[in-house]
Amino acid sequence: MGDSFLTKTGLHIDDLNKIRLLEPELSDASEQLKVECRNFSEKISSFKEFIENVVETLEQLSNMVDEERLRAMASRSALSNLGSQKQSENQQLMILIHEKTIELQRLQVELQSLSAVERQQKEYLDRLSLPL
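Numbering of the sequence shown is given in UniProt numbering, commencing with residue 1 and proceeding in unit increments.
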């Protein structure tokens, strides 16, 4: 009878015989949710830092590509001064090969970076989808 009176007034007694405003199960679930939220927040912060590092790396790669592009443009300008048409054509082809090689390297690095991000995101999603 005492428990039902307390329950009607919104008070509950836990396993340690302490009076609580919330049901013990709700209190435990709330505490567990609080811990999970804190963990999730830490993971999101870590993920944000990782993404910032990836973006910074990609920006550095972009700057390198721009520098190479400027070098290629300078090479093209030098080619226009050459007298021999055949030499000019050969050098243009070499510049194109060099540009494509640089682009390939940049794209390979970008693919590796994005693959790592994708892998981490999949792991993260897998962890989120695990039943509690």
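The C-beta atom is built at its ideal place from N, Cα and C for all residues, glycine as well.
Source: prediction; values computed, not measured.
Beta-carbon spacing of residue i, residue j below 9 angstroms
i      : j     : result
Val117 : Phe50 : yes
Glu103 : Val65 : yes
Glu99  : Glu68 : yes
Ser75  : Gln91 : yes
Chain-order list of residues whose beta-carbon lies under 8 angstroms from that of residue i (same chain, five-residue window excluded)
i     : result
Leu58 : Glu110, Ser113
Leu61 : Arg106, Val109, Glu110
Extent of the continuous alpha helix (DSSP H) to which residue i belongs
i      : result
Glu23  : It is not in any alpha helix (DSSP H) - Glu23 carries neither H nor E in the DSSP assignment.
Lys18  : Per DSSP, Lys18 belongs to no alpha helix (DSSP H) and is neither H nor E.
Leu128 : 85-129
Buried or exposed by the 16-neighbour rule on C-beta atoms within 10 Å, applied to residue i
i      : result
Pro131 : exposed
Candidates the options, of which the one nearest residue i by Cα
i      : options              : result
Ala72  : Leu93, Gln85, Lys86  : Leu93
Leu125 : Thr101, Asn53, Phe47 : Phe47
Cut-off 6 angstroms between Cβ atoms - residues of its own chain near residue i, not counting five sequence neighbours on either side
i      : result
Arg127 : none
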